[in-house]
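Colleague: One structure, pasted below without further comment.
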């Protein structure tokens with residue numbers, strides 16, 4: 001962690017620019033910043049440490065090979081990597097070929113996560129918001145996002161009408177939006 | 001929210017990746033033509049990204065870090081450029097073939113209708129062009145410095161200053177033409193005022209007559225949709241005033 005500590009004040013954008021010129025140290029710093037969240041997402045979706053490690057490796061290799069795809073104007077790097085990890089893990093879970101192009105990934109409202117404190121605050125806030133949702137709403141949202149289930153599958157699993165599932169998912173997203181707008 | 005309310009739930013489902021089948025196809029078709037819904041989808045994707053941050057668990061094992069650093073050392077910067085495929089690339093030929101096939105069917109069915117519509121639009125465009133030309137001619141005649149401006153009055157009446165304001169309230173469009181205007185003192189200008197049906201006079205442009213006493217004010221900036229009961233002219237400093245300075249030198253009420 002000492003390398004990361006030394007570079008604590010360096011922005012993600014600067015590190016990504018360094019990666020473009022092949023700076024392996026910059027890559028290590030970004031890994032130290034975001035590997036935990038990327039790994040946690042992979043583990044959450046796949047439930048298997050080996051598979052989660054593979055996702056972690058793939059996501060960071062993707063950044064190394066193609067750092068130009070990350071567009072700082074479309075959100076911060078930590079959230080972007082987490083979303084890519086989720087998409088890769090879901091593709092792997094559903095045994096389908098990768099269908100989510102990383103160009104499509106948008107992370108618009110996420111606050112700065114480059115510092116340890118900002119990262120912890122953002123994650124805390126998301127967990128807090130999810131924790132204060134009605135259980136059925138949170139569960140619908142998580143089944144869709146972390147299990148990759150369609151609304152029809154969620155309805156079948158929970159025995160609830162399709163319309164209810166739809167409404168819950170939207171209400172859940174709106175609650176998250178509101179929490180970060182405040 | 002500015003997106004279509006009937007698609008609101010489906011947009012959220014699409015953002016989290018939970019919408020499939022006909023409903024997804026219908027929504028994607030709608031999105032092609034609806035910028036408001038595309039913006040909302042983008043925002044919902046941003047909201048969805050927050051969900052990823054809720055995952056928590058143990059830190060990855062240290063061997064993962066070593067594995068990554070070894071892997072990137074094997075792919076040095078010099079060999080990076082342009083050799084990697086993007087995810088989804090392998091599906092590209094199939095996707096492209098499907099798109100072309102659909103497009104071919106679609107265009108085959110639409111071509112007759114399109115040809116007809118193009119002919120209609122061409123005809124409309126020609127008509128509009130002709131109307132535009134005519135409007136240009138009218139305005140250029142009205143405003144030309146070479147124009148001869150003749151005011152016809154009862155015989156044996158000396159030439160009188162005269163202004164004609166033509167105002168279209170719906171478009172807040174005003175054209176004003178003046179003749180025989182007396183010369184102004186130095187650093188002064190005439191200012192035209194729109195007298196609304198209620199409220200204070202609204203400045204509608206300043207003007208200075210030419211050597212023949214002619215002047216025009218074309219399309220001054222005006223607030224939208226104000227009803228006018230009269231127009232008036234005062235003499236003001238060159239840069240114009242916010243409120244009229246008495247006396248009113250000319251005025252006229254609407255017919």
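Residue numbers (this note's numbering), protein chains in the order written: chain A, 1 to 182; chain B, 1 to 255.
Glycine is no exception: its CB is placed at the ideal position from the N, C-alpha and C atoms.
Source: prediction; values computed, not measured.
Look at the Cβ atom of residue 125 of chain B, then the Cβ atom of residue 126 of chain A, and state whether they are nearer than 9 Å.
Modeller: In this structure, residue 126 of chain A does not lie closer than 9 Å to residue 125 of chain B by Cβ.
Colleague: Are the CB atoms of residue 192 of chain B and residue 225 of chain B nearer to each other than 9 Å?
Modeller: No, the Cβ-Cβ distance between residue 192 of chain B and residue 225 of chain B is not below 9 Å.
Colleague: Using a 10 Å radius around the Cβ and a threshold of 16 neighbouring Cβ atoms, would you call residue 100 of chain B buried or exposed?
Modeller: That one is exposed.
Colleague: Alpha carbon to alpha carbon, how far is residue 181 of chain B from residue 240 of chain B?
Modeller: C-alpha separation (whole angstroms): 18 Å.
Colleague: Going by C-alpha distance, which of B:236, B:64 and B:176 is nearest residue 245 of chain B?
Modeller: Ranking B:236, B:64 and B:176 by Cα distance to residue 245 of chain B puts B:236 first.
Colleague: Output the distance between the C-alpha atoms of residue 156 of chain A and residue 65 of chain A, rounded to the nearest integer angstrom.
Modeller: Computed Cα separation, rounded: 41 Å.
Colleague: Can you list, in chain order, the residues of the region 43-54 of chain B whose Cβ is nearer than 9 Å to any Cβ on chain A?
Modeller: Listed by position, the residues of the region 43-54 of chain B near chain A (Cβ gap below 9 Å) are 43, 44, 45, 46, 47, 48, 49, 50, 51, 52, 53 and 54.
Colleague: Kindly indicate which residue of A:82, A:123, A:160 and A:134 has the alpha-carbon position closest to the one of residue 145 of chain A.
Modeller: If we check each option's Cα against that of residue 145 of chain A, A:82 comes out closest.
Colleague: Could you name the residues of chain A that residue 68 of chain B contacts, counting a contact when the two beta carbons are closer than 9 Å?
Modeller: Near residue 68 of chain B (Cβ distances below 9 Å), the residues of chain A are 27, 28, 31, 35, 56, 57, 60, 61 and 64.
Colleague: Given a cut-off of 9 Å on the beta-carbon distance, is the pair residue 234 of chain B and residue 218 of chain B in contact?
Modeller: It is not a contact, given that the beta carbons lie outside the stated cut-off.
Colleague: Do you know how far the Cα of residue 44 of chain A is from the Cα of residue 10 of chain B?
Modeller: Looking at the two C-alpha atoms, the distance is approximately 25 Å.
Colleague: DSSP state of residue 43 of chain B, grouped into three classes?
Modeller: Residue 43 of chain B falls in the helix class under three-state DSSP.
Colleague: For the beta strand (DSSP E) that residue 82 of chain A lies in, which residues bound it at each end?
Modeller: Segment 77-93 is the alpha helix (DSSP H) holding residue 82 of chain A; no beta strand (DSSP E) there.
Colleague: Out of curiosity, what's the CA-to-CA distance linking residue 205 of chain B and residue 184 of chain B?
Modeller: For residue 205 of chain B and residue 184 of chain B, the distance between alpha carbons rounds to 16 Å.
Colleague: Say whether chain A places a C-beta atom closer than 9 Å to the C-beta of residue 36 of chain B.
Modeller: Judged by the 9 Å Cβ criterion, residue 36 of chain B is not in contact with chain A.
Colleague: In the DSSP assignment, find the beta strand (DSSP E) that holds residue 175 of chain B and state where it starts and stops.
Modeller: Counting along the chain, the beta strand (DSSP E) containing residue 175 of chain B begins and ends at 173-179.
Colleague: Given that residue 14 of chain A touches chain B, what residues does it touch there, using C-beta distances under 9 Å?
Modeller: Residues of chain B passing the Cβ test: none, with the nearest at roughly 16 Å.
Colleague: Within the 9 Å Cβ cut-off, does residue 202 of chain B reach chain A?
Modeller: It does not; no Cβ of chain A falls within 9 Å.
Colleague: Just to make sure I have the definition right: I need the residues of chain A whose C-beta is within less than 9 Å of the C-beta of residue 65 of chain B. Which are they?
Modeller: Residues of chain A passing the Cβ test: 28, 31, 32 and 35.
Colleague: Can you pull the DSSP bridge partners for residue 252 of chain B?
Modeller: Looking at the DSSP assignment, residue 252 of chain B forms a beta bridge with B:231.
Colleague: Within 10 Å of its beta-carbon, does residue 76 of chain B have 16 or more other beta-carbons around it, so buried, or fewer, so exposed?
Modeller: Result: exposed.
Colleague: Taking the alpha carbon of residue 248 of chain A as the reference point, which residue from A:152, A:134, A:164 and A:143 has its own alpha carbon closest?
Modeller: Not covered by the structure: residue 248 of chain A. The range shown for chain A is 1 to 182.
Colleague: With a Cβ-Cβ cutoff of 9 Å, do residue 28 of chain A and residue 69 of chain B count as a contact?
Modeller: For residue 28 of chain A and residue 69 of chain B, yes; Cβs fall inside 9 Å.
Colleague: Pull up the distance between the alpha-carbon of residue 84 of chain B and that of residue 77 of chain A, whole angstroms please.
Modeller: With a pLDDT of only 45 at residue 84 of chain B, under 50, the local geometry of the prediction cannot be trusted, and the value read off the model is given with reservation. Taking the straight line from one Cα to the other gives about 21 Å.
Colleague: Ignoring anything shorter than 4 residues, give me the alpha helix (DSSP H) runs that lie fully in the region 18-59 of chain A, in order along the chain.
Modeller: Fully enclosed alpha helix (DSSP H) runs of 4 or longer: 24-46.
Colleague: Does the region 6-25 of chain A come close enough to the region 44-60 of chain A to have 3 or more Cβ pairs within less than 8 Å?
Modeller: Result no; under three Cβ-Cβ pairs closer than 8 Å.
Colleague: Tell me the rounded alpha-carbon separation between residue 229 of chain B and residue 180 of chain A.
Modeller: Their Cα atoms are separated by approximately 52 Å.
Colleague: Would you mind telling me which residues of chain A sit closer than 8 Å to residue 14 of chain B, beta carbon to beta carbon, in chain order?
Modeller: By Cβ distance, chain A contributes nothing, its closest Cβ being about 10 Å from residue 14 of chain B, past 8 Å.
Colleague: For residue 34 of chain B and residue 31 of chain A, I'd like the C-alpha separation in whole angstroms.
Modeller: Rounded to whole angstroms, residue 34 of chain B to residue 31 of chain A spans 39 Å at the Cα level.
Colleague: Under a CB-based cut-off of 9 Å, is residue 180 of chain A close to chain B?
Modeller: Residue 180 of chain A counts as touching chain B.
Colleague: Whose Cβ in chain A lies nearer than 7 Å to the Cβ of residue 9 of chain B?
Modeller: Those within 7 Å of residue 9 of chain B in chain A are 166, 167 and 170.
Colleague: Taking the alpha helix (DSSP H) that residue 207 of chain B falls in, what are its first and last residues?
Modeller: From DSSP, residue 207 of chain B is part of no alpha helix (DSSP H) but of the beta strand (DSSP E) over 202-207.
Colleague: Have a look at residue 158 of chain B and residue 167 of chain B and give me their C-alpha separation to the nearest angstrom.
Modeller: Taking the straight line from one Cα to the other gives about 28 Å.
Colleague: Among residues of its own chain, excluding the 5 on either side of residue 200 of chain B, which ones have a beta-carbon nearer than 8 Å to its beta-carbon?
Modeller: Cβ neighbours of residue 200 of chain B beyond the five flanking positions: 243.
Colleague: Whose C-beta lies closer than 6 Å to the C-beta of residue 78 of chain B among residues of the same chain, with five residues either side of it excluded?
Modeller: Because the pLDDT of residue 78 of chain B is 46, which lies under 50, any placement of that residue in the model is unreliable, and the question is left without a value.
Colleague: Indicate whether residue 211 of chain B and residue 177 of chain B have their beta-carbon atoms separated by less than 9 Å.
Modeller: Contact: no.
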